[in-house]
Amino acid sequence: MRNLSTILFAAAGILACLLPTSFALGQETETYPVINRIIPEFDGFRSVSDQFIFGNIQLRPGMNYNPALLDQSIRALYGTGRFEFVEVRVEKAQNETVDVIFELVSKYTIERIRFNGNDAYSDARLASKGEIESGIALDEYQVSVSADAINAYYVEKGYPDVEVDYRIQRDEQTGYAVVNFDIEEGGKVRIDEIDFVGNEAHSDKRLLKQLETAEHGWLSWLTGSGKFDEKKFKEDLDTLRKFYRDSGYLDCEIDQDKVSIDFVDSDEIVITIPISEGQLYYLGEFSVVNATVYTENELLSRIRLKTGGPFSPQGVDDAATAIREYYTSNGYLDSGVRAERVPNMETRRIDVVFRVRESEKFYVESINVEGNTKSKARVIIRELALAPGDVFDRKRMEVSERRLDNTALFEEVRLNPEPTNIPGRKDLDITVREGRTGNFTFGAGFGSVESAVIYFEVAQGNFDLFNWRSGFQGDGQKFRFRASLGTSSNQILIAFEEPWLFEQRLAFGVELYRTESDYNSADYNELRTGFELYLR
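Going by this note's numbering, 429 is the number at position 366 of the sequence shown; the sequence numbering is gapless.
Structure, rendered in structure tokens:
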């Protein structure tokens, strides 16, 4: 038996050695020719040197032609932002080699930016608001974005009739371009008064509170109110319509075409907004259908609407959401609620039927964490309000997400329930993106007390006291080292905090400090050394 086992083992080893060879013999590998030369060709002016191109591509003379590296090279050249167009052709060369020719169209470089017609604001301010500067590659789309930004700045400052256009002058010989912004500022206006016509249900004062557009007042120099922004004003009209409809006036009409804007002075306007309120509609009876887990009374107790009150579309939507959240907070994650309106035009009452779609009850199966490249999984899991085996409560899931956000360890946090193969069970998937938790500050100064002082501070909000392999990061601890060195005094502080002592939500911290002070006296200097402990 022993000999048989030895023979079988040897045969298996020989077969294992032969298999890769046999497999390789059965494959055909495509061989690409060797690259002889790489040749940049420019259609029009040349904006960069050959060395710039060679430094941004992955292909080299002497290596085999590689389509994947060619694709990377093209993308890299586009990524420099210096080219409008990149194309490659391959030509046969001597000794079965090939020449790779990059056909390039360069982008123009912005030589100068000109502003024409700007009396109110300087060139420098407008260039800053447009986020455009000379010396960079010309991108016409970005120029148009800059023009829009400058236009928006003027409107924000009270120039509603401003027009900003752009022109680009290109020099095909040099590759430089001049960007011109042509500005017609129009007059600067302020809102003297906003009037409403036809409003009986709500006072002018109450309606004005719904608007971002405001009248000019004695504090406008501080608040910036009183400027007319057409885009913002259109949004205000939408806000007014919604306000009326949520007050029960479902037929309310506010026609922008009927709004009048009149000049009472060369720089002051009065806005008049006509309102057709229509009739007031009321809430009728409430009912729930298709509910088996909870009684109708139990579900209706979750809503704030009352029969006879003004009908509010937003209030009805909120009521449906409240019923759905009652289900999802008790594990019925896939439940849904739809509010159906049943109007009675004679009584102007609208009954509401909440149609429920119930799901099975879910429990937490497992918790999966991904994206934590620095933080330990337990740093994340300990913040959760859910654990395996718990009823899958969506509200507790949202609380968990807020807790993780509040740690300030992550730039992004997402929690999602994921289906499993087990009935009534869902996994809780947590995806995080690590944030920047370290900070270094350095500075120097001079003063009357300290002739000279330098200071620096190192802080880490995701410290790990015992994990030097990961750069002392990942356990959610807090560490700070601060030193200030001057001609008259020196200060050193070392602080450490463990926010979860013994895996409980109890913070333990220690601070060590040392301060030396020289009072320019031969008889008296001060030295203070100590530490502080705290629990909170």
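Quick reminder that beta carbons are idealized off the backbone N, C-alpha and C, glycines included.
The three-state secondary structure of Glu-150, taken from DSSP, is strand. For Leu-548, the enclosing beta strand (DSSP E) starts and ends at 540-549. Secondary structure within the segment 389-452: the alpha helix (DSSP H) runs of 4 or more consecutive residues, fully enclosed, are 440-444 (chain order). Rounded to whole angstroms, Arg-100 and Ser-207 show a C-alpha spacing of 40 Å. Between Arg-188 and Asn-243, the C-beta spacing is not below 8 Å. Contact holds between the segment 370-377 and the segment 306-321, because three or more Cβ pairs, one in each stretch, are under 8 Å apart. Annotation for Ala-515: Phe-509, Thr-550 place their beta carbon closer than 6 Å to its own, counting only its chain and skipping 5 residues before and after. Per DSSP, the continuous alpha helix (DSSP H) segment holding Glu-464 begins and ends at 457-469. Shown here, Gly-287 sits in coil according to DSSP, grouped into three states, outside any helix or strand. In the structure shown, the three-state DSSP call for Ile-317 is coil. The Cβ atoms of Ile-231 and Ala-240 lie closer than 8 Å to each other. Ranking Leu-368, Phe-503, Glu-595, Ser-350 by CA distance to the CA of Asn-360 puts Ser-350 first. In the three-state scheme derived from DSSP, where H, G and I count as helix and E and B as strand, Leu-133 is classed as helix.
Distance from Ala-448 to Val-462 at the Cβ level is roughly 5 Å; contact confirmed, criterion being Cβ atoms closer than 8 Å.
Put simply, the backbone Cα of Ile-317 is about 21 Å away from that of Tyr-345.
Here the C-alpha atom of Glu-174 lies approximately 43 Å from the C-alpha atom of Ile-324. Residue state for Arg-496 is assigned as strand, using DSSP reduced to three classes. Counting along the chain, Asn-360 sits inside the alpha helix (DSSP H) bounded by residues 359-363. Taking C-beta atoms as the reference points, Ser-429 and Asp-380 fail to come closer than 8 Å.
Distances from the alpha-carbon of Glu-560 to those of Ala-522, Leu-548, Arg-269 put Ala-522 closest.
Unbroken alpha helix (DSSP H) runs of no fewer than 4 residues, entirely contained in the segment 149-203, are found at 186-193, following chain order.
Taken through DSSP and simplified to helix, strand or coil, Ala-277 comes out as coil.
Collapsing the DSSP output to three states places Asp-113 in a helix. Under the Cβ criterion (8 Å, minimum of three pairs), the segment 292-300 counts as touching the segment 218-225. For the alpha helix (DSSP H) assignment, the uninterrupted runs of no fewer than 4 residues enclosed by the segment 200-242 are, from N- to C-terminal side, 203-219. Asp-328 has Glu-331 as its beta-bridge partners, per DSSP. In this structure, Ile-555 is the residue among Ile-485, Ile-555, Arg-459, Ala-354 with its C-alpha nearest to the C-alpha of Glu-574.
Under the three-state reduction of DSSP, Ile-386 is assigned to helix.
Secondary structure note for Phe-296: its alpha helix (DSSP H) is the uninterrupted segment 293-308.
The shortest C-alpha to C-alpha distance from Gly-198 to any of Asn-179, Tyr-171, Asp-211, Gly-180 is the one to Tyr-171. In terms of Cβ geometry, Phe-505 and Phe-526 do not form a close pair [threshold 8 Å]. For Leu-590, the enclosing beta strand (DSSP E) starts and ends at 588-598. Out of Ala-264, Tyr-184, Phe-503, Asp-245, the CA that lies nearest to the CA of Lys-251 is found in Tyr-184.
Secondary structure note for Asp-267: its alpha helix (DSSP H) is the uninterrupted segment 267-271. DSSP places Glu-256 inside the beta strand (DSSP E), whose first and last residues are 253-260. Val-379 sits in a helix when the DSSP states are folded into three classes.
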